[in-house]
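Step one of this worksheet: look at the structure below.
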Amino acid sequence: MRKLLSGLLVVCALMGLAGCSDEEAVDLSTATPTEVIQGFYQAIYEERDLEKAKRFASPRMVDLINHYAAVSSVQRYVLGRYYDKVELEVVSDSLGDYLNHSDELRATVLFEGEYKGEYNKDSRDVVLIENGDSWLVDRILDPRYRP
Numbered sequence: 150m151r152k153l154l155s156g157l158l159v160v161c162a163l164m165g166l167a168g169c170s171d172e173e174a175v176d177l178s179t180a181t182p183t184e185v186i187q188g189f190y191q192a193i194y195e196e197r198d199l200e201k202a203k204r205f206a207s208p209r210m211v212d213l214i215n216h217y218a219a220v221s222s223v224q225r226y227v228l229g230r231y232y233d234k235v236e237l238e239v240v241s242d243s244l245g246d247y248l249n250h251s252d253e254l255r256a257t258v259l260f261e262g263e264y265k266g267e268y269n270k271d272s273r274d275v276v277l278i279e280n281g282d283s284w285l286v287d288r289i290l291d292p293r294y295r296p
């Protein structure tokens, strides 16, 4: 009986820990566009977790992530930059409607970090789309072709 009770306590404790995972830390229905962008990039660059990144992504972006399938490929072909360590900042006054669509937002993200010991500073424009009551990362705009 004691072993059974101990086993149940262990299972309950593990379930409790699982319920406190980082995946539940951001509620997309109440997350700001800045929190969505930060969650998306953090999942890829810091946690190297494409499944978590997909939670913050539109179907179009999820298709791209699935196509490239590996974190390094997503960093190279979708995000356009590798980082081993990175700090990012969403420029708050850059948030605005994208191409006059109120259901799409454009934001500028500043990156500072290292890749293979070399310091890099860069920026990217991100387009978010409104999906019901939440925002999702839809596109990363190529800085060479800024409209």
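So the sequence shown is numbered by our numbering: it starts at 150 and just counts up by one. We put the CB at the ideal spot given by N, CA and C, even for glycine.
(message) Measuring only the C-alpha atoms, how far is valine 275 from leucine 290?
(response) 6 angstroms
(request) Enumerate in chain order the residues of its own chain whose CB-to-CB distance from aspartate 282 is below 7 angstroms, with the five nearest sequence positions on each side excluded. (result) Ser178
(message) Using the Cβ count rule (16 or more neighbours within 10 Å means buried), how would you classify glycine 266?
(response) exposed
(message) My parser needs the beta strand (DSSP E) runs of 3 or more residues fully inside the stretch 188-242; what are they?
(response) 234-239
(request) Excluding the 5 residues preceding and the 5 following valine 258 in the sequence, name in chain order all residues of the same chain whose CB lies nearer than 8 angstroms to its CB. (result) Once the five neighbours on either side are set aside, the close Cβ partners of valine 258 are Ile186, Tyr190, Leu237, Glu238, Val239, Val240, Ser272, Arg273, Asp274 and Val275.
(request) Would you kindly check if the distance between the Cβ of tyrosine 231 and the Cβ of tyrosine 194 is under 7 angstroms? (result) no
(message) Quick check on the burial criterion: 16 or more other C-beta atoms within 10 angstroms. Buried or exposed for leucine 285?
(response) buried
(message) Tell me the DSSP secondary structure of threonine 257 in three-state form.
(response) strand
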